[in-house]
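Step one of this worksheet: look at the structure below.
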Amino acid sequence: MEKEDSCIVRLFSNYCALSEEDKRLLHRLEESPVEVQAGQTLWKEGDKATEFCTISKGWAYSFRNMGDGSRQILELYLPGDIIGMREFAFSQRLTGLAMIDDAVICHFPHHRLIEIFRTSTILTAVLFAIVSRQQALLTERLVNLARRSAQQRLAHFIFEMYERLNQTCAVNGGHFRLPLSQEQIGDALGLSSVHVSRTFSSLREQNLVLRERHRVCLPNPQALAKVAEFDNRYLNDSLRPLFDDHERQNESSSLAT
8 MEKEDSCIVR LFSNYCALSE EDKRLLHRLE ESPVEVQAGQ TLWKEGDKAT
58 EFCTISKGWA YSFRNMGDGS RQILELYLPG DIIGMREFAF SQRLTGLAMI
108 DDAVICHFPH HRLIEIFRTS TILTAVLFAI VSRQQALLTE RLVNLARRSA
158 QQRLAHFIFE MYERLNQTCA VNGGHFRLPL SQEQIGDALG LSSVHVSRTF
208 SSLREQNLVL RERHRVCLPN PQALAKVAEF DNRYLNDSLR PLFDDHERQN
258 ESSSLAT
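Per the numbering used here, the sequence shown starts with residue 8, numbered consecutively.
As structure tokens, then:
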């Protein structure tokens with residue numbers, strides 16, 4: 008895989024400009040790819056947590072199985088995402104991880120992250136930003152579950168996927184791939200499959216979301232965002248201003264001496 012084609016490089020580039028050395032370090036995280044199958048569980052809650060993985064193709068989700076046999080989907084991982092960051096300080100997995108569709112992932116041990124910390128200030132800052140964003144995604148999901156109607160929940164979820172995929176150039180004219188079953192969407196939003204189906208029908212009638220199997224079209228994305236009361240600040244901030252200020256300060260210090 009060439010650096011230019013790397014999902015993880017594209018994701019990191021959303022935060023700040025990367026040097027060729029930074030891209031090389033990221034590219035190493037996508038070495039030794041492994042193909043995995045849809046529905047495969049990569050790890051379970053309580054398994055040893057000794058490594059991360061990147062996902063270069065396909066989708067995955069983290070989950071908790073509940074005592075009554077139900078399942079809560081917590082996070083969705085898209086191409087370019089790093090999985091397992093939250094468990095860096097833990098010896099055991101806090102959640103399970105399963106594949107949504109056929110995928111390609113790359114495992115790397117925790118010490119590889121230490122290498123990045125030692126080598127690149129920029130990548131360390133971006134990794135910190137990514138963990139912060141993952142926390143923001145969970146916070147927004149909590150608000151979605153607790154305070155929004157079924158229509159707002161689904162509208163917010165669909166528009167969030169649209170925004171995230173757009174950041175890795177996976178949206179074409181409002182069209183994108185959403186390889187989730189109604190049951191999986193329901194497990195993420197706290198809704199039954201029947202309720203998800205009815206809500207999709209309502210959004211279709213309003214010409215807000217057109218869905219055919221695993222393809223989605225948003226005829227008017229901003230109208231959907233309005234229905235969802237979507238605030239994209241938790242997705243679209245970057246580190247560029249921080250590094251721009253840092254460079255200006257360095258230039259000023261150089262001129263002063």
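Idealized CB from N, CA, C, for every residue including glycine.
What number of angstroms, rounded off, separates the C-alpha of residue i from the C-alpha of residue j?
{"i": "Gln138", "j": "Leu185", "result": "Correcting the residue identity first, residue 138 is Val in this sequence and not Gln. Rounded to the nearest angstrom, the two C-alpha atoms are 24 Å apart."}
{"i": "Ser63", "j": "Arg211", "result": "32 Å"}
{"i": "Leu242", "j": "Leu144", "result": "8 Å"}
{"i": "Cys14", "j": "Ala110", "result": "13 Å"}
{"i": "Leu83", "j": "Thr131", "result": "23 Å"}
{"i": "Ser260", "j": "Arg17", "result": "With a pLDDT of only 48 at Ser260, under 50, the local geometry of the prediction cannot be trusted, and no value is derived from it."}
{"i": "Ile165", "j": "Asp238", "result": "13 Å"}
{"i": "Glu11", "j": "Phe115", "result": "Residue placement at Glu11 is flagged as unreliable, the pLDDT there being 49, under the threshold of 50; the coordinate-derived value follows with that caveat. Distance between the alpha carbons of Glu11 and Phe115 is about 21 Å."}
{"i": "Thr146", "j": "Cys113", "result": "28 Å"}
{"i": "Val178", "j": "Arg100", "result": "32 Å"}
{"i": "Phe70", "j": "Gln229", "result": "30 Å"}
{"i": "Ser208", "j": "Glu170", "result": "22 Å"}
{"i": "Phe19", "j": "Thr206", "result": "34 Å"}
{"i": "Thr57", "j": "Val223", "result": "37 Å"}
{"i": "Tyr68", "j": "Glu27", "result": "31 Å"}
{"i": "Arg93", "j": "Asp194", "result": "21 Å"}
{"i": "Glu9", "j": "Ser98", "result": "Reliability of the predicted coordinates at Glu9 is poor, the pLDDT of 47 falling under 50, and the value obtained from them is presented with this limitation in mind. Glu9 and Ser98: Cα-Cα distance of roughly 34 Å."}
Just checking my contact of residue i with residue j at CB under 8 Å: how many whole Å lie between their CB atoms?
{"i": "Gln142", "j": "Glu236", "result": "Their Cβ separation, rounded to whole angstroms, is 21 Å, which puts Gln142 and Glu236 out of contact at 8 Å."}
{"i": "Gly46", "j": "Met106", "result": "6 Å"}
{"i": "Gly65", "j": "Asp108", "result": "5 Å"}
{"i": "Phe183", "j": "Leu172", "result": "5 Å"}
If you check the beta carbons only, do residue i and residue j fall under 8 Å apart?
{"i": "Ile90", "j": "Phe59", "result": "yes"}
{"i": "Leu49", "j": "Leu104", "result": "yes"}
{"i": "Leu215", "j": "Leu231", "result": "yes"}
{"i": "Leu152", "j": "Gly181", "result": "no"}
{"i": "His117", "j": "Phe95", "result": "yes"}
{"i": "Thr175", "j": "Pro86", "result": "yes"}
{"i": "His202", "j": "Ala162", "result": "no"}
According to DSSP, which residues form a beta bridge with residue i?
{"i": "Thr61", "result": "Ile89, Cys113"}
{"i": "Ile80", "result": "Phe70"}
{"i": "Lys55", "result": "Gln99"}
{"i": "Ala105", "result": "Thr48, Tyr68"}
{"i": "Glu222", "result": "Looking at the sequence itself, residue 222 is Arg, so the reference to Glu does not match. BP columns for Arg222 point to Arg184, Glu219."}
{"i": "Asn179", "result": "His182"}
{"i": "Glu42", "result": "Val111"}
Using 8 Å as the limit for Cβ to Cβ distance, is residue i near chain C?
{"i": "Leu198", "result": "Among the protein chains of the structure shown there is no chain C, as only one such chain exists."}
(message) Check whether the segment 124 to 140 and the segment 28 to 45 touch, using three or more Cβ-Cβ pairs below 8 Å as the test.
(response) Contact between the segment 124 to 140 and the segment 28 to 45 is present: three or more C-beta pairs spanning the two stretches fall below 8 Å.
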